[in-house]
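**Student:** In the UniProt record's numbering, the protein residues as written are 1 to 158. We put the beta carbon where it would ideally sit given N, CA and C, even for glycine. Model, not experiment: these values are computed from the prediction.
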């Protein structure tokens, strides 16, 4: 496991839901959590880039993770939230179905991500965290918003 994600042997993660699955990202990447609001569409943007919003003078690209992970048609309701992230000195919004809570995981609560053998790109998975009866898919959000994808986001925000 990548120890850069842990502070003092503990990973503090924000847990969120996409469909029936629960995911977690390092809490230090999170700037704020907001309700979903309409976005300004950008022509020729990839399908998972919903558009942009103006957040206190900063143009923030909004990525819908349900579309990115191909988890079916997204529905937007009172539980839908946008997690505002700081990634590589950029501000990006990530649409998720709901936010659960902040969890603390020790190294022994985190198992390595299974190797899906090329069928699935798992480069961005940190591992699987277990808290009580919950299994949380831990995502390295920097890797997920890869440099290639950040290039797309960069050009949209420009």
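If you draw a straight line from the alpha carbon of residue 38 to that of residue 137, how long is it in whole angstroms?
**Tutor:** Here residue 38 refers to the residue found at position 38 when the chain shown is read from its first residue. Here residue 137 refers to the residue found at position 137 when the chain shown is read from its first residue. The straight-line gap from Cα to Cα measures roughly 28 Å.
**Student:** May I ask you to list the residues that DSSP assigns as paired with residue 104?
**Tutor:** Here residue 104 refers to the residue found at position 104 when the chain shown is read from its first residue. Its beta-bridge partners are 12.
**Student:** Which residues share a DSSP beta bridge with residue 64?
**Tutor:** As a position in the chain shown, residue 64 is number 64, starting the count at 1. Its beta-bridge partners are 95.
**Student:** Looking at residue 55: is its Cβ nearer than 9 Å to the Cβ of residue 129?
**Tutor:** Residue mapping note: residue 55 aligns to position 55 of the chain shown, counting from 1. Residue mapping note: residue 129 aligns to position 129 of the chain shown, counting from 1. Cβ atoms of residue 55 and residue 129: not closer than 9 Å.
**Student:** Out of curiosity, what's the CA-to-CA distance linking residue 36 and residue 143?
**Tutor:** The count along the chain shown starts at 1 and reaches residue 36 at position 36. The count along the chain shown starts at 1 and reaches residue 143 at position 143. So the two alpha carbons sit approximately 24 Å from each other.
**Student:** So, do the segment 43–50 and the segment 16–35 have three or more beta carbon pairs nearer to each other than 8 Å?
**Tutor:** With the cut-off at 8 Å, the segment 43–50 and the segment 16–35 do not touch.
**Student:** Which class does residue 134 belong to by DSSP, given the choice of helix, strand or coil?
**Tutor:** To locate residue 134, count along the chain shown from 1; it is residue 134. Looking at residue 134 - three-state DSSP - the assignment turns out to be strand.
**Student:** Between which residues of its own chain and residue 124 is the CB-CB distance below 7 Å, once the five residues before and five after are set aside?
**Tutor:** By one-based count along the chain shown, residue 124 stands at place 124. Around residue 124: 139, 140, 143, 144.
**Student:** How should residue 62 be labelled, buried or exposed, when 16 other C-beta atoms within 10 angstroms of its C-beta is the threshold for buried?
**Tutor:** To locate residue 62, count along the chain shown from 1; it is residue 62. Under this definition residue 62 is a buried residue.
**Student:** With residue 85 as the anchor, note down where its beta strand (DSSP E) starts and where it stops.
**Tutor:** The sequence position of residue 85 within the chain shown is 85, counting from 1. Note, residue 85: beta strand (DSSP E), 81–87.
**Student:** If we ignore side chains and look at the alpha-carbon of each, how far apart do residue 102 and residue 135 end up?
**Tutor:** Start at 1 with the first residue of the chain shown, and residue 102 comes out as number 102. Start at 1 with the first residue of the chain shown, and residue 135 comes out as number 135. Their backbone Cα atoms lie some 14 Å apart in a straight line.
**Student:** For the candidate residues 112, 105, 8, 22, whose alpha-carbon lies nearest to that of residue 97?
**Tutor:** The residue labelled residue 97 in the question sits at position 97 within the chain shown. For the residues 112, 105, 8, 22, the minimum Cα distance to residue 97 belongs to 22.
**Student:** With which residues is residue 23 paired in a DSSP beta bridge?
**Tutor:** Along the chain shown, one-based indexing puts residue 23 at 23. Bridge partners of residue 23: 16, 137.
**Student:** Between residue 84 and residue 95, how many whole angstroms is the CB-CB distance? I'm expecting something under 8 Å.
**Tutor:** Locating residue 84 in the chain shown gives position 84, counting from the first residue. Locating residue 95 in the chain shown gives position 95, counting from the first residue. About 11 Å separates the two Cβ atoms, so there is no contact after all.
**Student:** What first and last residue would you give for the beta strand (DSSP E) that runs through residue 34?
**Tutor:** Looking up residue 34 in the chain shown gives position 34. Element bounds for residue 34: 30–35.
**Student:** Quick check: the Cα distance between residue 58 and residue 52, rounded to an integer number of angstroms?
**Tutor:** Taking the first residue of the chain shown as 1, we reach residue 58 at position 58. Taking the first residue of the chain shown as 1, we reach residue 52 at position 52. So the alpha carbons of these two residues sit roughly 10 Å apart.
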